[in-house]
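Read the structure below first, then the notes.
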Amino acid sequence: MTFYNVAKTFVVAPLVNTAFRPWVKGLDNIPAEGPAILASNHLSFSDSIFIPVKVPRPVHFLAKNDYFVKQGPVGWAQRNFFKVTGQIPMDRSGGQASQNSLEAGERVLRDGELLGIYPEGTRSPDGRLYRGKLGVARIALGTQVPVIPIALIGTDKVQPIGKKVPNIRRVGMIAGEPLTFGAYYDHPKDRFAQRAVTDEIMYQIMRLSGQQYVDRYASEVKKGMDDGAGG
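To get our numbering, take the position in the sequence shown, counting from 1, and add 64.
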């Protein structure tokens, strides 16, 4: 048994299941074996804990690079938690750095494992669902694996942005039916194909989660909030 499975089975899962009593629907839509992308909305830092607890197989998440570089005791604990649970640093600065991160995600899939990704690229600032970035489509079209849309329910109430100690309340997870994009597999680098695939994934997440959709990038909205606060 790997360290991931030991920590999940005997430490993390008992704590999470007792404190938050997560409910799950559609778990049978996640394949018992073989590669797949779990594409989820992103409401809370806790999302990367709730999904692996309820999915029987290990899930390797593309996690933002900030989680791996923080200093001090908290940064050390956070960095090592993400490493031992198989999380992959995602450099969102663009260019070759972002491409390298996506290729690391593709390697997970080529090894027959599950890759978790948040298409919005960052946590929602207000509980709404924001426009998906194209990385999820690049990986899906490059590897031709199914995409499972995931809706997390209530995790923003458990740990809102800026809150370090989570609130104790029930959360939910809904896994939708697998999505495949055979019509676009011959054009994996076409940006119109990538946008169509991403938009379909986001539509399915919206349908499952019931969130209001905003056709803007969450990162742009957050930047506007920061600029407004600074002004």
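For glycine and all other residues, C-beta sits at the position ideal for the given N, C-alpha and C.
All values reported here derive from a predicted model rather than from experimental measurement.
Express the C-alpha separation of residue j and residue i in angstroms, rounding to a whole number.
i, j, result
"Ala168", "Asn231", "33 angstroms"
"Phe109", "Gly90", "23 angstroms"
"Asp254", "Glu177", "26 angstroms"
"Arg280", "Lys286", "11 angstroms"
"Val123", "Asp175", "12 angstroms"
"Val211", "Ile265", "8 angstroms"
"Gln275", "Gly185", "17 angstroms"
"Leu272", "Gly240", "7 angstroms"
"Lys221", "Arg171", "34 angstroms"
"Ala83", "Gln151", "24 angstroms"
"Glu296", "Lys197", "No answer is possible for residue 296: the residues shown for the chain start at 65 and end at 295."
For residue i versus residue j, is the C-beta distance shorter than 8 angstroms?
i, j, result
"Glu104", "Ile113", "Residue identity differs from the one stated: residue 104 is Ser in this sequence, not Glu. Cβ distance not < 8 angstroms, so Ser104 and Ile113 don't count as in contact."
"Ile101", "Ala204", "yes"
"Ile238", "Ala215", "yes"
"Ile217", "Val235", "yes"
"Gly180", "Phe125", "yes"
"Tyr248", "Ala260", "yes"
Just list the residues that DSSP pairs residue i with in beta bridges.
i, result
"Ala14", "In the structure as shown, the chain begins at 65 and stops at 295. Residue 14 is therefore absent and cannot be evaluated."
"Tyr277", "Leu193"
On the premise that residue j lies in contact with residue i, defined as a C-beta separation below 8 angstroms, what is that separation, rounded to the nearest angstrom?
i, j, result
"Val117", "Pro86", "7 angstroms"
"His251", "Tyr182", "Between Tyr182 and His251 the Cβ distance is about 25 angstroms, and since that is not below 8 angstroms, they are no contact."
"Leu166", "Pro99", "15 angstroms between Cβ atoms; not a contact."
"Ala282", "Tyr194", "4 angstroms"
Next item on the list: Taking 8 angstroms as the threshold, find out whether the region 241 to 252 comes into contact with the region 179 to 191 through three or more Cβ pairs.
Entry: Segments in contact, no.
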